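Below is one structure, written out as structure tokens; comments come after it.
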Ligand SMILES: [Zn+2]
């Protein structure tokens, strides 16, 4: 399930596309105002989805390895925005859903990741990247989408001065050439073509004439003069791997990802558009099952999902969809079984599937299932520390068990990871009142109480 789906958030942003583009240039400001954007954290359109995160991580892993970059524990951050953007801070890879749904092949996204890896390996904007890595995901996204700019004039004023003096996440032409060359090196090392990268960048290049009507943040931070594209084209065509296409299984996962984003974010017309090319493909039928779940009746959705499972019995995300449908049909026990199956099949060990399992177990509501829910939810946040929403479920589960200090501490954690330090402290203090001084939970509560968001991460 694509969770935290609040399409209205992404669409209600009143900023013009141009303004949003420039917001990308304010990444430095994100660091500077990370303490003050907390209030917007709840409106931040970060999208969580086990399937898409795992796929993007699979795109990145071989490239990062070829680039000699640490590829363990890379967090994939999906931003619900229709424009094209993707960047890597170091430990996090941010990518807009707009970029994913636009790309027709995995190779197009892999090419962009290779180019980003080239910037990292080249040490471009290293100082800013280090700063971004210390900032919370929510703070970066909030500023990225201009939430900080519209709502907190004080923070913006403070950031404005910083911005003027600081070089921001926008690259020099010479850096672009270096990153392009490095990207080709990584693609060659992994036996992949540069054609996808060329296609993506070529599209930005030709979009120059439309400047003012549509500005993708990515194009602003990476200058794409014609000369650069021409030089890149030579390099791409020299590669012995120029004609290599993505493995069919990877292309299929990509198609399923695109149709999922369309189903959850863009509506039925977008799904129909993607299905038109091949209405009987697995991806099309996946989209159809998801639409039936979202807009139709659970019975029909279950039948369609059962057919998908029959075709790919080891696909964890078909089991996840089955769990989602069963939850909607108010059958939490069956849903818990489906999610448990999804967890057992998931090679990426996503914390999200564990949280879904925990929620289903909570809904079952027996003392035994509640106990299991607490275990699964704790496992979930263990794998996925910044999942503020999961702490809310955990707090609820503890509450239902009558473990009030644990519930308060979980609530404090949720506020803390959402960037709401004021409420985090209130609940941490409340938890401490009922805990023995010095015990681990008391100590953790004290950490939250002591935490001071830094305005100047140097
Ligand atoms: Zn670049």
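Residue numbers (the working numbering): 22 to 479. Yeah, the Cβ is synthetic: ideal placement off N, Cα and C, and Gly gets one too. A quick note: this is a predicted structure, and the numbers were derived from the prediction, not measured.
If you look at residue 346, you'll find it isn't in any beta strand (DSSP E); it sits in the alpha helix (DSSP H) that goes 337-349. Just measuring C-alpha positions, the residue of 96, 264, 226 and 203 sitting nearest residue 372 is 96.
In this structure, residue 204 and residue 132 form a Cβ contact; the two beta carbons are roughly 7 Å apart against a cut-off of 8 Å. If you check the CB distance, residue 67 and residue 158 come in under 8 Å.
In the displayed model, residue 262 falls within coil according to three-state DSSP, outside both helix and strand. Proximity of the stretch 278-291 to the stretch 306-318 meets the contact definition, three or more beta-carbon pairs being nearer than 8 Å. For residue 192, the Cβ falls inside the 7 Å cut-off from some heavy atom of ligand 1. By the C-beta density criterion, residue 370 is exposed, having fewer than 16 other C-beta atoms within 10 angstroms. In the three-state scheme derived from DSSP, where H, G and I count as helix and E and B as strand, residue 355 is classed as helix. By the Cβ neighbour-count rule, residue 406 is exposed, with fewer than 16 other Cβ atoms within 10 Å of its own. Per the C-alpha coordinates, the member of 303, 209, 387 and 422 positioned closest to residue 263 is 209. At least one heavy atom of ligand 1 lies less than 7 Å from the C-beta of residue 200.
Taking C-beta atoms as the reference points, residue 74 and residue 99 count as a pair closer than 8 Å. Taking 3 residues as the minimum length, the beta strand (DSSP E) runs contained wholly in the stretch 69-153 are 96-100, 107-109 and 113-117, in order along the chain. Under the 8 Å Cβ criterion, the stretch 456-474 counts as touching the stretch 434-443, having at least three qualifying pairs. 350 is the residue among 335, 350 and 302 whose C-alpha sits nearest the C-alpha of residue 321. DSSP links residue 255 through a beta bridge to no other residue.
Bounds of any alpha helix (DSSP H) do not take in residue 244, whose DSSP letter is neither H nor E. Counting only residues of its own chain and dropping the five nearest sequence neighbours on each side, residue 426 has a CB closer than 6 Å to the CB of 452, 455 and 456.
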